[in-house]
Amino acid sequence: MRPDPCDQERSTVTAATTLPNSLRALPDERGHFGQFGGRYVAETLMPLILDLEREYRAAKEDPAFEAEFNGLMTHYVGRPSPLYYAERLTAYYRERAKPGFGAKIYFKREELNHTGAHKINNCIGQILLAIRMGKTRIIAETGAGQHGVATATVCAR
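The working numbering numbers the first residue of the sequence shown as 11 and each following residue consecutively.
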């Protein structure tokens, strides 16, 4: 039987950091985020990738694009999706933890978004960017189908 993680010492819990939020940092000219990243794309696709990058950077600076994106995320997708405090699950683990330990557990309710998953969050931005670029056909990769459903939903809007 595995030990309950709530009973372990907190010597490695998160500590305050002075590092900037790397998710907000732009990649360098080679497409790298620090030592990671890059572009692993067939050369024949590079002109399209560079067009996409140029248009993405312009869209990020465009207040009208941001306003449309934020409006759709609020009024079409239903964001921000709510947090649900898992009272009984929190109590369950706190009862089993050492005094002063134990998680306070919340669920981020992404299934309440339009189309029932987080996939639409990404699709809104992708489709708005495609429209801005004058694209008239959209191709979506999908495994279980939810990304395809989200893409089709945004395209049909």
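From the three backbone atoms N, C-alpha and C, an ideal C-beta is built for every residue, glycine too.
What's the call for residue i, buried or exposed, on a 16-neighbour Cβ count within 10 Å?
i           : result
residue 166 : exposed
residue 59  : exposed
residue 160 : buried
residue 149 : exposed
residue 123 : buried
residue 108 : exposed
Leaving out five residues before and five after residue i in sequence, what residues of the same chain have Cβ atoms less than 6 Å from its Cβ?
i           : result
residue 82  : 134
residue 152 : 158
What does a CB cutoff of less than 7 Å around residue i pick up in its chain, not counting 5 residues either side in sequence?
i           : result
residue 100 : 113, 114, 115
Do the CB positions of residue i and residue j come within less than 8 Å of each other?
i           : j           : result
residue 168 : residue 94  : Beyond the ends of the chain as shown, which are 11 and 167, falls residue 168; an answer cannot be given.
residue 141 : residue 163 : no
Quick one: residues in its chain with C-beta nearer than 8 Å to the C-beta of residue i, no 5 flanking neighbours on either side, listed in chain order?
i           : result
residue 53  : none
residue 143 : 61, 62, 65
residue 155 : none
I'd like the ranges of any beta strand (DSSP E) spanning at least 3 consecutive residues and lying wholly in the segment 81-112.
93-95
Threshold first: 4 residues or longer. Then list the alpha helix (DSSP H) segments lying entirely within the segment 113-160, N to C.
129-142
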